[in-house]
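Enquirer: Using this note's numbering, read the sequence shown as starting at 8 and increasing by one per residue. Sharing a structure, written as structure tokens. Questions coming.
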Amino acid sequence: MKKQISLLILTLSVCWSCNDKIKRDTEPPIALYKMENDYSNHAFVMLSFDKTEITGLPGYFYDDGPHNFPLKLTNNYYLRGDFGINTAYLSISKEAYNEHNLSISELYQLIIDFDPYVEYYICKDDTKIMYSQTINGFNTVQYDSAFINKLIIENKLKKYFCRIK
């Protein structure tokens, strides 16, 4: 019990220390994470804090275009394409998820990794990380993957990202 309380206090203090640095916007925060295994083509779900139940499901996974996340970066890092720190990955592909109408209990049985992230970051300031670009008449958000890869290689992620795991 003492260990759980200490872990909770540590987690909250890390989040609060980064709280003022994270840009507030209507968009969800930009997540950057590192995984031991490549689940980039796997479907995923959101779990409760205690990981005992599914609390969020993705809609439809797109094959291409601006919604094709995650974006693979260098050294097993990925950008976006998840439900946050409580994401769990399934044994089925995104395509299989789109094709089948599985129940919550069926999806829970398909979870292969309840804690997939080795490291997890939230962007503090997206002014260098992303930019708007018009493609085929539509305004889209683009990510400067070259800049982010440079931050990873030079071990400077903390300049623009707040580590929460």
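Backbone N, C-alpha and C define an ideal beta-carbon position, used for all residues, glycine too. Just so you know, these numbers come straight off a predicted model, no measurement behind them.
Please report the straight-line C-alpha distance between G91 and I155, rounded to a whole angstrom.
Expert: One C-alpha to the other measures close to 19 Å.
Enquirer: Which class does I99 belong to by DSSP, given the choice of helix, strand or coil?
Expert: The answer is strand: DSSP assigns I99 an E or B state.
Enquirer: Give the straight-line distance between the Cα atoms of L164 and L158, rounded to the nearest whole angstrom.
Expert: For L164 and L158, the distance between alpha carbons rounds to 5 Å.
Enquirer: To the nearest angstrom, report how far apart L97 and I61 are at their CA atoms.
Expert: C-alpha separation (whole angstroms): 12 Å.
Enquirer: What first and last residue would you give for the alpha helix (DSSP H) that runs through I160?
Expert: That run of the alpha helix (DSSP H) goes S152 to I160.
Enquirer: Kindly confirm or deny that the segment 131-146 and the segment 103-110 touch, where touching means at least three C-beta pairs closer than 8 Å.
Expert: With the cut-off at 8 Å, the segment 131-146 and the segment 103-110 do not touch.
Enquirer: Near F121, which residues of its chain fall below 8 Å by C-beta distance, leaving aside the five closest residues on each side in sequence?
Expert: Hits under 8 Å: L54, K58 and A95.
Enquirer: Looking only at C-alpha atoms, which of K131, F168 and H107 sits nearest to P65?
Expert: Checked all of K131, F168 and H107; the closest Cα to P65 is H107.
Enquirer: Assuming F168 and C130 make a contact with CB atoms under 8 Å, what is their CB distance in whole Å?
Expert: The Cβ separation is near 6 Å, so the contact holds.
Enquirer: How long is the line joining the alpha carbons of V52 and G88, rounded to whole angstroms?
Expert: C-alpha separation (whole angstroms): 11 Å.
Enquirer: Using DSSP's beta-bridge definition, name the partner residues of K135.
Expert: The partner list for K135 (beta bridge, DSSP) is empty, contrary to what the question assumes.
Enquirer: What's the gap between the Cα of L166 and the Cα of E126?
Expert: Sequence inspection shows Lys at residue 166; the Leu mentioned does not correspond to that position. Cα to Cα, the separation comes out at about 15 Å.
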